[in-house]
Amino acid sequence: MNLGKILCLLLFPGVVHAQTCCSGGVPMSSNIGFSTGEYQQLQYGLSYDYNRITRLYNEKVMLADNNRMRSTQSYILRAAYQWHRRFASELFIPIIRQARNIQTLNNGNDQEISLGLGDPAVLVAYDVFNKPKLNWTLGLGVRLPLGSFSQTNNQGLLLINDMQPGSGAFDLILRSALNFPIPNHPESILFFNVIHTQRGQNTRYLGSQTYQFGQELQLITGYSRNVYALKQIWPLALGLRYRHAGPDQLNRSKLSNTGGDWLFARLSLGYSFDPETQLQVGLESPFYSHVKGVQLSPDYIFNISLLGKIKFKKDEF
Amino acid sequence: MNSKLNLGSMLSLLALMSICWACTPKSDGVITPPPPTNSNPDWLVPKNQVFDGGPGRDGIPSIDEPLFTRKPDSLGFIEDFDLVLILKIGEEVRAYPHPVLDWHEIVNDDIDTLSLAINYCPLTGTGIGWNRKINGQKTSFGVSGLLYNSNLMPYDRNSESIWSQLKLQCVNGSLIGRSPQTISLIETTVFTWRKMYPGSKILVGGKGRVRPYGTYPYGDFKVNQNRLLFPVDHSDDERFPKKERLLSIIHQQDVKGVPFTFFPKNGIGLTLRTVGGEPVVVIGSKEYNFMCAYFSKNKSFEAVQNRLPIVMKDASNNFYDIFGQVVEGPEKGAQLKSPTFMMGYWFAWAAFYPDLDL
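Note that the protein sequences, when read in sequence, are chains S and P.
Heads up, my numbering is the position in the first sequence plus 71, with the first residue counted as 1.
Heads up, my numbering is the position in the second sequence plus 2, with the first residue counted as 1.
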């Protein structure tokens with residue numbers, strides 16, 4: 072199996088951008104992006120992400136206050152079809168469950184939950200190089216504002232926008248995925264990925280206001296290799312992810328306490344049921360967090376994905 | 003043509019069309035709330051104009067075990083120009099500074115035999131005390147995380163009813179329709195508070211849940227006249243800039259607004275109003291940055307200069323402090339009653355009391 076493909080399958084499913092109070096948006100942008108597959112091949116994935124957010128930060132300092140927990144669970148169906156030797160298209164459909172738990176000061180527990188269709192995305196990927204020693208893919212896509220953003224709390228009141236499954240805005244997604252084997256170690260791959268999400272405006276926020284989540288840049292790098300153990304191949308990847316989120320804007324004015332910079336460490340492990348089907352498990356945790364103002368920041372992100380591929384037409388030799 | 007190729011091409015075409023759509027410029031929004039859509043009997047305000055502010059119930063933590071100091075200089079976050087809310091119960095004067103209130107919004111405090119909640123909304127700039135004894139039972143108030151007209155909605159922890167600070171009413175829950183017993187607070191600067199009551203106590207926080215008090219949490223909200231974070235009614239009322247601070251006096255369903263422009267540039271001034279059919283004297287100072295109001299009982303007053311905390315005297319040579327208490331003169335110890343009054347941003351008064359007289 073093409074190591075580049077294994078790598079991309081490994082890397083992309085579990086990397087979820089942090090969802091912070093007031094600045095998170097919908098957690099899916101770094102899930103986007105299969106590798107360019109083989110011609111007339113369908114790749115598919117079913118993923119579950121759990122993003123737990125309880126740490127309250129003031130800039131770089133964690134505050135002694137942990138009565139709040141935010142969590143985002145994402146159930147994501149993805150499919151990519153290689154319709155040209157260099158081009159593929161990808162569809163991404165998330166179901167998002169957002170939860171906000173607060174231990175109230177009279178020792179009660181206040182919980183709000185939203186569940187609904189998130190914003191689906193469509194992308195086109197172009198394979199710039201697909202050589203054994205270099206694989207470079209560029210992607211361009213858009214996230215469509217088809218997700219729900221009118222969810223209400225248990226009193227029937229409209230929830231704030233970062234508790235909504237959808238954003239109500241079109242987002243533009245740009246990505247570059249580069250990977251190549253380490254010389255003399257063909258089983259070991261280095262990867263460098265960049266994902267930029269240009270956030271659009273929701274012009275229907277709270278009636279007729281304009282809300283725009285912060286522009287987002289993610290840089291992902293790491294190392295992967297196949298480990299042979301127990302008569303099995305275990306794809307293993309270690310990586311770092313840097314995420315920068317700009318401030319959200321309300322009616323074109325920047326909002327305090329939104330945006331920031333995070334550096335995550337990530338470990339993922341795969342298991343192959345057969346050459347076409349894999350299970351991937353990943354865990355990611357920030358070791359550097361610098362939020363703007365005071366915000367909740369992620370504790371960890373867990374991901375599990377079932378990934379597979381179907382070839383519709385046999386290779387012609 | 004291959005059908006799978008068609009699927010891929012269609013997806014790509016959809017992506018490109020969507021990108022073009024996404025790049026189309028959007029028009030600016032306005033900041034009025036949606037029209038009220040129902041008369042839900044469970045709510046005394048339009049339910050569709052009550053918004054989740056984000057942090058959730060108690061996500062903004064009230065201070066339930068307040069800590070005070072008489073020497074705030076060492077803290078580093080209390081400056082002379084900061085605003086404080088001050089009150090006097092018996093001989094005790096306490097100050098509640100905005101830099102702390104901005105992060106907690108509610109302080110559940112006890113002074114002598116009085117249990118009160120200081121409710122302060124940083125988005126409307128309004129602060130007032132509420133008696134915490136309701137139906138003979140002591141309760142505490144917390145921040146519900148909800149906003150109506152961009153204004154704080156406290157909840158009481160005994161009944162979990164939701165109240166509107168500026169509507170001065172419980173608007174949802176088992177206490178619906180009930181009005182709080184108010185204790186008016188005087189808003190002024192740390193400088194003026196120090197000058198009037200040196201050595202009195204000032205709130206410095208509470209046990210646990212410390213916040214960065216030297217940092218204002220809402221960016222340029224206080225000074226940006228056009229900026230609102232949530233929809234409000236009558237946001238197009240431009241009689242004053244949105245963030246201009248006015249005193250509003252509320253009595254018997256009547257509301258009068260008093261801007262600082264009624265007072266001289268230097269020293270202390272008085273102006274008279276009739277609110278709810280009763281005469282009220284309003285004392286104010288641009289220089290010392292305060293306004294407050296008392297029922298005058300048809301007495302005549304004149305301002306007293308350079309003797310803070312004494313601010314006025316009557317024809318019988320009774321000298322009154324800023325809290326309306328006679329501190330010198332034949333009626334020493336007597337106390338003028340006060341209507342409910344609060345300082346607040348103009349947009350908030352226009353939203354809640356669009357018919358208020360100026």
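Glycine is no exception: its CB is placed at the ideal position from the N, C-alpha and C atoms.
Since the structure is predicted, the reported quantities are computational estimates derived from the model, not experimental observations.
Would you mind giving the Cβ-Cβ distance between residue i and residue j, rounded to the nearest angstrom? I have them listed as a contact below 8 angstroms.
{"i": "P:Tyr-214", "j": "S:Asn-328", "result": "Tyr is not the amino acid found at residue 214 of chain P; the sequence shown has Pro there. That belief does not hold up - the Cβ atoms of P:Pro-214 and S:Asn-328 are roughly 11 angstroms apart, past 8 angstroms."}
{"i": "P:Lys-258", "j": "P:Arg-241", "result": "Contact doesn't hold; Cβ gap of about 14 angstroms is too wide."}
{"i": "S:Arg-123", "j": "S:Ser-142", "result": "5 angstroms"}
{"i": "P:Phe-343", "j": "P:Ser-166", "result": "So it is not a contact: roughly 17 angstroms between Cβ atoms."}
{"i": "S:Arg-270", "j": "S:Gly-285", "result": "7 angstroms"}
{"i": "P:Gly-55", "j": "P:Leu-148", "result": "7 angstroms"}
{"i": "S:Gln-283", "j": "S:Ala-240", "result": "7 angstroms"}
{"i": "S:Gly-353", "j": "S:Asn-322", "result": "Contact flag wrong, Cβ pair sits at about 38 angstroms."}
Helix, strand or coil for residue i per DSSP?
{"i": "P:Lys-203", "result": "strand"}
{"i": "S:Tyr-202", "result": "The question names Tyr, yet the displayed sequence has Lys at residue 202 of chain S. If DSSP states are grouped into helix, strand and coil, S:Lys-202 belongs with the strands."}
{"i": "P:Phe-343", "result": "strand"}
{"i": "S:Trp-207", "result": "strand"}
{"i": "S:Pro-357", "result": "strand"}
{"i": "S:Pro-254", "result": "coil"}
{"i": "S:Ala-19", "result": "An answer regarding residue 19 of chain S cannot be provided, because it is not within the stretch 72 to 388 covered by chain S."}
{"i": "S:Phe-163", "result": "strand"}
{"i": "P:Phe-354", "result": "helix"}
{"i": "S:Leu-176", "result": "coil"}
{"i": "S:Val-97", "result": "Its pLDDT being 39, under 50, S:Val-97 is placed unreliably in this model, and the value from its coordinates should be taken loosely. In the structure shown, S:Val-97 sits in coil (DSSP, three-state: anything other than H, G, I, E or B)."}
{"i": "P:Trp-195", "result": "helix"}
{"i": "S:Pro-369", "result": "strand"}
{"i": "P:Leu-239", "result": "The question names Leu, but residue 239 of chain P is Asp in the sequence shown. The answer is coil: DSSP assigns P:Asp-239 none of H, G, I, E or B."}
{"i": "P:Leu-103", "result": "helix"}
{"i": "S:Asn-328", "result": "coil"}
{"i": "S:Trp-154", "result": "coil"}
{"i": "S:Asn-374", "result": "strand"}
{"i": "P:Asn-226", "result": "coil"}
{"i": "S:Asp-233", "result": "helix"}
{"i": "S:Phe-220", "result": "coil"}
{"i": "P:Phe-349", "result": "helix"}
{"i": "S:Val-26", "result": "An answer regarding residue 26 of chain S cannot be provided, because it is not within the stretch 72 to 388 covered by chain S."}
{"i": "S:Gln-111", "result": "coil"}
Chain P partners of residue i, CB-CB under 7 angstroms?
{"i": "S:Asn-129", "result": "Pro-214"}
{"i": "S:Leu-176", "result": "Asp-60, Pro-63, Ser-64, Asp-66, Gly-144"}
Closer than 8 angstroms by beta-carbon distance: list the chain P residues that pair up with residue i, in chain order.
{"i": "S:Gly-227", "result": "Lys-49"}
{"i": "S:Asp-181", "result": "Gly-58, Arg-59, Asp-60"}
{"i": "S:Asn-224", "result": "Asp-54"}
Using a C-beta to C-beta distance shorter than 8 angstroms, which residues of chain S count as neighbours of residue i?
{"i": "P:Leu-232", "result": "The residue asked about is misnamed: residue 232 of chain P is Phe in this sequence, not Leu. Those within 8 angstroms of P:Phe-232 in chain S are Leu-277."}
{"i": "P:Tyr-364", "result": "The shown model of chain P, from 3 to 360, leaves out residue 364 of chain P, and the question about it has no answer."}
Show which residues of chain S have a CB atom less than 7 angstroms away from the CB atom of residue i.
{"i": "P:Pro-35", "result": "Gly-278"}
{"i": "P:Arg-211", "result": "Asp-136"}
{"i": "P:Arg-229", "result": "Ser-324"}
**Request:** Output, in sequence order along the chain, the residues in the segment 43 to 59 of chain P whose CB is closer than 8 angstroms to any CB in chain S.
**Result:** Within the segment 43 to 59 of chain P, the residues whose Cβ lies closer than 8 angstroms to some Cβ of chain S are Lys-49, Asn-50, Val-52, Phe-53, Asp-54, Gly-55, Gly-56, Pro-57, Gly-58, Arg-59, listed in chain order.
**Request:** Ignoring anything shorter than 3 residues or poking outside the segment 134 to 193 of chain P, list the beta strand (DSSP E) runs there in chain order.
**Result:** The qualifying runs are 143 to 150, 153 to 158, 164 to 166, 171 to 174, 188 to 191.
**Item:** Entirely enclosed beta strand (DSSP E) segments - the segment 40 to 99 of chain P, minimum 3 residues
**Value:** Taken in chain order, the unbroken stretches of beta strand (DSSP E) that lie wholly in the segment 40 to 99 of chain P and span 3 residues or more are 52 to 54, 68 to 71, 85 to 91, 94 to 99.
**Asked** Listed from N- to C-terminal order along the chain, which residues in the segment 346 to 378 of chain S have their beta-carbon within a distance smaller than 7 angstroms of any beta-carbon of chain P?
**Response** Within the segment 346 to 378 of chain S, the qualifying residues are Gly-364, Val-365.
**Prompt:** What residues from the segment 277 to 290 of chain S come within 8 angstroms of chain P, judged by C-beta to C-beta, listed N to C?
**Reply:** Taking a C-beta cut-off of 8 angstroms against chain P, the contacting residues of the segment 277 to 290 of chain S are Leu-277, Gly-278, Ser-279, Gln-280, Thr-281, listed in chain order.
**Prompt:** Mind listing which residues of the segment 151 to 174 of chain S have their C-beta closer than 9 angstroms to chain P's C-betas, in chain order?
**Reply:** Cβ contacts with chain P come from Tyr-152, Gln-153, Trp-154, His-155, Phe-158, Ala-159, Ser-160, Glu-161, Leu-162, Arg-171, Asn-172, Ile-173, Gln-174.
**Request:** May I ask you to list, following chain order, the residues of the segment 229 to 260 of chain S that have a beta carbon less than 9 angstroms from some beta carbon of chain P?
**Result:** The segment 229 to 260 of chain S vs chain P, Cβ under 9 angstroms: Leu-229, Leu-230, Ile-231, Asn-232, Asp-233, Met-234, Ala-240, Phe-241, Asp-242, Leu-243.
**Prompt:** Taking any Cβ of chain P, which residues in the segment 134 to 148 of chain S have a Cβ under 8 angstroms from it, in chain order?
**Reply:** So the list reads Leu-134, Ala-135, Asp-136, Asn-138, Arg-139, given in the order they occur along the chain.
**Request:** Run through the segment 241 to 329 of chain P for me and flag every whole beta strand (DSSP E) of 3 or more residues, listed as ranges in chain order.
**Result:** Taking 3 residues as the shortest admissible run, the segment 241 to 329 of chain P contains the following complete beta strand (DSSP E) segments, listed from N- to C-terminal end: 247 to 253, 256 to 261, 271 to 277, 280 to 287, 292 to 297, 303 to 305, 312 to 316, 321 to 323.
**Request:** Taking a Cβ distance cut-off of 8 angstroms, strictly less, list which residues of the segment 314 to 332 of chain S are near chain P, in chain order.
**Result:** Those residues of the segment 314 to 332 of chain S that come within reach of chain P (Cβ to Cβ, closer than 8 angstroms) are Leu-321, Asn-322, Arg-323, Ser-324, Lys-325, Leu-326, Ser-327, Asn-328.
**Request:** Compile a chain-ordered list of the residues in the segment 141 to 172 of chain P whose CB is closer than 8 angstroms to at least one CB of chain S.
**Result:** Of all residues in the segment 141 to 172 of chain P, Ser-142, Gly-144, Leu-148, Arg-159 have a Cβ within less than 8 angstroms of some Cβ in chain S.
**Message:** Quick check on the DSSP output: what are the complete alpha helix (DSSP H) runs of length 4 or more inside the segment 120 to 151 of chain S, in order along the chain?
**Reply:** The segment 120 to 151 of chain S contains no whole alpha helix (DSSP H) run of 4 or more residues.
**Whole beta strand (DSSP E) elements within the segment 259 to 316 of chain S, 3-residue minimum** = If one requires a minimum length of 3 residues, the beta strand (DSSP E) runs lying completely within the segment 259 to 316 of chain S are 273 to 276, 280 to 283, 287 to 300, 303 to 316, in chain order.
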